[in-house]
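One structure below.
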Ligand code: HAM
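Residue numbers (our numbering): 528 to 944.
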C-alpha cells in the first residue's frame, strides 16, 4: 500500500506546529483585545446553507463544494467558508440575546479547486465577524484590526484594497451596465464568463483568462454606479480609515468570490505569492442574516488563509515561535534507579517541566547519546551510587557542568534556570 495525503491537503508536522500555535495565539490575543469571543462551528453543515447564502452563482458553491449524502439521504457539505456557519450558529443559539455579537474563529475549510502554490483543498482560515451594526466606523475598525494583525507580524509587502459593491438597488444598475458592455464581446469570452454574464456579470471583472481580462479593462466602474447613500457610506469608511491611520488603495475591480456582500468589500494583497496573492478578504453582508432565517441584521467580517500568511512570513524571513525542546532527559541505570526516578518524572511533568525518558535505551552510553540528541537542557543521571545516596546528578548539557542534589531540591533548581 502506498497511502498519500489527498491531493490539495498536507500534514502540519511537528516542526511546523510551533509557528501555527504562535499565529493562533497572536490572532486570538488581538481578537480578545478588540472584544471578540471565539466560536467553533461544525466542519460540515446542510449544503443549502451555503447554496442560499454564499451564493448559487459563485464558483465556491457551483464548482468547489464537497457535498455528500448521509445514510438518511440528507445532503451536507464540508464548509467552504466560515461566515455562513457563524451566521447559522448566531441565529440558532440566539446569540443576539446573549450579547455575543463579536465572534472570531480558526479552522479548516474545504474547496475543490485545482491545487497550486497557496491554493489547497483543505486550508485553514482565521476570521472575524461583527454582527449588529451598520455604522461605517465598524467597517474601518474591522479593516484596521486585520491591518494591525498582519503588519504587526512584521510583514511589509502588504497592500490593502477597498471597494464598495453597493446595495442591492444600485448593484442592479451596475449589473445592467456590465451586461451592456460585455454583450458585444460574448463570443470572445471563456465558457465560465459566458455563464457568469447571465448570473453574476460582475464576476467577469475577476476572470484570470487573458482574453477576458483584456476585455474587462474597459468595463464600467462600480464606483460610477453607486447611489447617493452608498457613495456617502463608502466615503465615510475611507474617512475613518484615514483617522485610524490605515493605508489603503481603492480598487473598483474587487468583486469577492461569494455572493452575500453589500457595500464595503476589501482584500489584503501580498505581492510575491504569485497568482494566489490575496492573503485575506472580507466585507459587509447586511442581507445575509435575514436570508439565513434571522431578523434583518447588518454585519461585517473577514477571513484570511493561514497557508498564504505563512508563505508571506517565510518570504520576508520572519520566524515565529521557538522550537520546543525538553528541559530534562532522564538517564536511569538499572531497575532500582528507574524505580526511584519514575515517580519523580510524573511530579516534574505535572509541574510543567518537559521531561523525556526512554527505557528502550539500555546502556548508559546509549541513554546519554539520546539525551544529547534530544537537545534537552539537562540530563538527570541516576545510577547505582545515586540510588544508594538518595541523590541525583544534574548535568548541564551545554557546559557539561554536573551537580549532585536531592530529589526535593530538583524542582527549585530547574525553576531557577
Ligand atoms: P474568501 O476571500 O473566499 O472569503 O477567503 C478568505 C481567504 O481565505 C482568502 O483571502 C485566502 O487567503 C484564503 N483562501 C481561500 N481559498 C483558499 C484556498 N483554496 N487555499 C488556501 N487559501 C484559501 C471568505 O471565505 C469569507 N468568508 C470572508 C468573510 C468573512 N467575509 C465576511 N466575513
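Ideal Cβ placement from N, Cα and C applies to all residues, glycine included. Small disclaimer: the values here were computed from a predicted structure and weren't measured.
Counted within 10 angstroms of its Cβ, other Cβ atoms place residue i as buried (16 or more) or exposed
{"i": "residue 530", "result": "exposed"}
{"i": "residue 779", "result": "buried"}
{"i": "residue 610", "result": "buried"}
{"i": "residue 759", "result": "exposed"}
{"i": "residue 878", "result": "exposed"}
{"i": "residue 786", "result": "buried"}
{"i": "residue 822", "result": "exposed"}
{"i": "residue 741", "result": "exposed"}
{"i": "residue 558", "result": "buried"}
{"i": "residue 543", "result": "exposed"}
{"i": "residue 595", "result": "exposed"}
{"i": "residue 749", "result": "buried"}
{"i": "residue 744", "result": "exposed"}
{"i": "residue 569", "result": "exposed"}
Contact test: residue i Cβ vs ligand 1 heavy atom, cutoff 7 Å
{"i": "residue 624", "result": "no"}
{"i": "residue 530", "result": "no"}
{"i": "residue 650", "result": "yes"}
{"i": "residue 638", "result": "yes"}
{"i": "residue 802", "result": "no"}
{"i": "residue 812", "result": "yes"}
{"i": "residue 830", "result": "yes"}
{"i": "residue 488", "result": "Because the chain is modelled from 528 through 944, residue 488 falls outside the range shown and cannot be assessed."}
{"i": "residue 710", "result": "no"}
{"i": "residue 656", "result": "yes"}
{"i": "residue 570", "result": "no"}
{"i": "residue 616", "result": "no"}
{"i": "residue 807", "result": "yes"}
{"i": "residue 552", "result": "no"}
{"i": "residue 847", "result": "no"}
{"i": "residue 647", "result": "yes"}
{"i": "residue 564", "result": "no"}
{"i": "residue 879", "result": "no"}
{"i": "residue 835", "result": "yes"}
{"i": "residue 578", "result": "no"}
{"i": "residue 609", "result": "yes"}
{"i": "residue 784", "result": "yes"}
Delimiting residues of the beta strand (DSSP E) encompassing residue i
{"i": "residue 576", "result": "No beta strand (DSSP E) contains residue 576, which is instead part of the alpha helix (DSSP H) from 574-580."}
{"i": "residue 736", "result": "No beta strand (DSSP E) contains residue 736, which DSSP labels as neither H nor E."}
{"i": "residue 908", "result": "905-909"}
{"i": "residue 690", "result": "685-691"}
{"i": "residue 604", "result": "602-605"}
{"i": "residue 635", "result": "629-637"}
{"i": "residue 651", "result": "649-658"}
{"i": "residue 596", "result": "594-596"}
{"i": "residue 929", "result": "929-933"}
{"i": "residue 922", "result": "918-923"}
Nearest-angstrom Cβ-Cβ length linking residue i and residue j, presumed shorter than 8 Å
{"i": "residue 535", "j": "residue 710", "result": "Not really, about 36 Å apart at Cβ, beyond 8 Å."}
{"i": "residue 605", "j": "residue 593", "result": "4 Å"}
{"i": "residue 615", "j": "residue 576", "result": "6 Å"}
{"i": "residue 737", "j": "residue 708", "result": "That belief does not hold up - the Cβ atoms of residue 737 and residue 708 are roughly 18 Å apart, past 8 Å."}
{"i": "residue 643", "j": "residue 830", "result": "Actually they are not in contact, since the Cβ atoms of residue 643 and residue 830 sit about 20 Å apart, beyond 8 Å."}
{"i": "residue 692", "j": "residue 769", "result": "That belief does not hold up - the Cβ atoms of residue 692 and residue 769 are roughly 21 Å apart, past 8 Å."}
{"i": "residue 806", "j": "residue 797", "result": "5 Å"}
{"i": "residue 903", "j": "residue 855", "result": "6 Å"}
{"i": "residue 782", "j": "residue 729", "result": "5 Å"}
Segment limits, alpha helix (DSSP H) that includes residue i
{"i": "residue 665", "result": "663-679"}
{"i": "residue 706", "result": "695-709"}
{"i": "residue 563", "result": "Looking at the DSSP string, residue 563 is not in any alpha helix (DSSP H), and its letter there is neither H nor E."}
{"i": "residue 940", "result": "937-942"}
{"i": "residue 622", "result": "622-625"}
{"i": "residue 719", "result": "718-726"}
{"i": "residue 586", "result": "586-589"}
{"i": "residue 714", "result": "Careful: residue 714 lies outside any alpha helix (DSSP H) and carries neither H nor E."}
{"i": "residue 533", "result": "Run containing residue 533: none; DSSP gives neither H nor E here."}
{"i": "residue 618", "result": "610-619"}
Residue-level contact to chain C via CB, residue i, 8 Å cutoff
{"i": "residue 876", "result": "In the structure shown, chain C cannot be found, because there is only a single protein chain."}
Next on the checklist: Suppose only complete runs of 4+ residues qualify. What are the alpha helix (DSSP H) ranges in the stretch 855-893, listed by chain order?
Outcome noted: If only uninterrupted alpha helix (DSSP H) runs of at least 4 residues are considered, those enclosed by the stretch 855-893 are 862-877.
Checklist entry - In chain order, which continuous runs of the alpha helix (DSSP H) of length 4 or greater are located wholly inside the stretch 739-792? => result Listed in chain order, the complete alpha helix (DSSP H) runs (minimum 4 residues) inside the stretch 739-792 are 755-770.
Checklist entry - What are the complete beta strand (DSSP E) segments, minimum 3 residues, inside the stretch 790-846? => result Qualifying beta strand (DSSP E) stretches, in chain order: 791-797, 805-811 and 826-832.
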